[in-house]
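Reading through the structure tokens given below for one structure.
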Amino acid sequence: MKSTFFLILTCVTLSLSAQNSNIQWRNDRTGIYNEKGLLKSWPTTGPELLWYYDELDEGHSSIAIDADKLYVTGMTGDVGYLYVFDLNGKLLNKKGYGKEWDKSYNGSRGTPTINDGKIYIHTGLGDLICMDQNSLEILWKKNMMTDFGGENIRWGVTESPLIIDDKVILTVGGKEHNIVALNKNDGSLIWSSKGDGDLSSYCSPLYIANQQIPQIVTMMEKHIIGIDAATGKKLWSHTYETQRGIHPNTPVYDGKDMVLCASGYGKGSVMLRLINGGRNVEKVWESQELETKTGGMVKVGDYAYASGDHNKFWYCLDWNTGKTMYKDNALGGTGVTIANDGMLYCYSEKGLMSLVRATPEKFDIVSTFPITLGTDQHWAHPVIYKGVLYVRHGNTLMAYKIK
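For the sequence shown, my numbering assigns the number 4 to the initial residue and increments by one for each residue that follows.
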């Protein structure tokens, strides 16, 4: 009996330890969460609101999570602050990290990244700040303009830092230093890539590890590019321009060889296939319909799901062919899409949070409720963690019980 009990306890412990306790931008940049036993429908009034905090002030960034602590940024006046909460909503710490973006659509932008006891924040003014996770003291700071000759963009830098081994990747957008890799411990330069010399374009880059050449894929002002993660050498580029040079969505990779990139402003989306071990790409298909601006995309099965931009539809496309399976404007606006266990969580710019079955047959809305707390735009991407849906709306962070 003791042996059986010990075996069960060991299995439970291993199962719990296998869960992802570190949540960064869109979980692991895919927008896919992997929780079990979540509700398949919600009450008509919405799931239970466990707690909320309404003093974040201005910001559009999502939360990061590490070791059961929540990290989110906001701006008071023109100063950015990092807030740390426990899972019960208790404010554990608050620390200013310097000036933030206060010129248009004010507030913090990029979601923090937490790695090996350090927190990395890329501000709207181009400061990459490294903080000690326990004390919140600033360990080092670099600025993409003054240190690397970059140029800020219309609505301020919007990027969640990417960590690869000992490197933190910074999209500078300069002619000489276009993308750089800095030592994550001291900020020293490891490599610099000239890329195509484009400006940065609000995109948080993606790391693809399983090609012959592990690489960083991101969208710049005029190109989608692949960079050798070890050396910074440009492997390939694909011309992709919009009216304003804006490409805010992290590319989506299928784990094999296909990468989906999409932008708003009428540009649409393109599917690229990595070839020759990742040394080059070929275009598979383009779609003028799926043109999502800031809401991200998810791959569930053999289909891609996202919202449109100007047309205000929610879409499902065949991953392999680009065929539009459906488009539906039932939510009356564009928005953010994440997914978990065959369900889409769609957060519209109108403030509606909807639970939708991920099926190519139709936009199958199961439940919807309004987000009534908070201020300004409904742009921050929701997060799922341990049976709780975290929603940030301007100055307010909310925690809803969905398990």
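Glycine included, C-beta positions come from ideal geometry on N, C-alpha and C.
- Here the alpha carbon of Lys43 sits roughly 11 Å from the alpha carbon of Pro50.
- When the alpha-carbon of Ser196 is set against those of Leu185, Asn188, Ser207 and Asn181, the nearest one is in Asn181.
- Residues Phe151, Gly152 and Gly153 of the same chain have their beta carbon placed closer than 6 Å to that of Gly177, with the five preceding and five following residues left out of the count.
- Fewer than three pairs of CB atoms, one per stretch, sit closer than 8 Å, so the segment 184-193 makes no contact with the segment 204-212.
- Between Val284 and Leu275, the beta carbon gap of about 4 Å places them in contact (Cβ cut-off 8 Å).
- Secondary-structure assignment with DSSP links Cys349 through a beta bridge to Thr340 and Ser357.
- The alpha-carbon separation between Ala342 and Phe372 amounts to approximately 17 Å.
- Arg276 is bridged by DSSP to Met261 and Glu285.
- Spatial neighbours of Tyr243 in its own chain (CB-CB distance under 8 Å, excluding positions within 5 residues in sequence) are listed in chain order as Met222, Lys225, His226, Ile227, His250, Cys264, Ser266, Lys270 and Val273.
- Distance from the CA atom of Val171 to the CA atom of Ile132, rounded to whole angstroms, is 11 Å.
- The way I'd put it, the segment 83-91 doesn't touch the segment 27-47; fewer than three beta-carbon pairs between them come closer than 8 Å.
- Taking 3 residues as the minimum length, the beta strand (DSSP E) runs contained wholly in the segment 100-152 are 116-118, 121-125, 130-135 and 141-146, in order along the chain.
- Going by DSSP, Asn30 is part of the alpha helix (DSSP H) stretching over Arg29 to Arg32.
- Pairing Asp367 with Met328, the inter-Cα distance amounts to about 13 Å.
- Short of 8 Å from the beta carbon of Asn213, and not among the five residues preceding or following it, lie these beta carbons of its own chain, in chain order: Gly258.
- In its chain, beyond the 5 residues on either side, Ile26, Gln27, Tyr74, Thr114, Pro115, Thr116 and Ile117 have a beta carbon closer than 7 Å to the beta carbon of Ala67.
- Of Leu355, Lys72, Tyr348 and Asp344, the smallest CA-CA separation from Gly335 is found for Leu355.
- Remark: C-beta atoms of Tyr55 and Leu400 approach each other more closely than 8 Å.
- With contacts defined as CB atoms closer than 8 Å, Gly77 and Asn398 qualify as a contacting pair.
- For Lys296, the number of other beta carbons within 10 angstroms of its own is at least 16, and it is reported as buried.
- Rounded to the nearest whole angstrom, the CA to CA distance from Tyr348 to Ile166 is 27 Å.
- Secondary-structure assignment with DSSP links Met401 through a beta bridge to Tyr55 and Val394.
- Going by DSSP, Thr174 is part of the beta strand (DSSP E) stretching over Lys170 to Thr174.
- In the structure shown, Phe372 adopts extended strand secondary structure according to DSSP, grouped into three states.
- The three-state secondary structure of Trp322, taken from DSSP, is coil.
- DSSP places Trp239 in the uninterrupted beta strand (DSSP E) bounded by Lys237 to Thr242.
- Under the three-state reduction of DSSP, Gly229 is assigned to strand.
- 8 Å or more divides the Cβ of Ala361 from the Cβ of Tyr318.
- The three-state secondary structure of Leu202, taken from DSSP, is coil.
- Thr221 is bridged by DSSP to Ile228.
- A straight line joining the alpha-carbon of Lys145 with that of Asn155 spans about 14 Å.
- Contact between Gly338 and Ser310 holds, with the beta-carbon distance rounding to 5 Å and staying under 8 Å.
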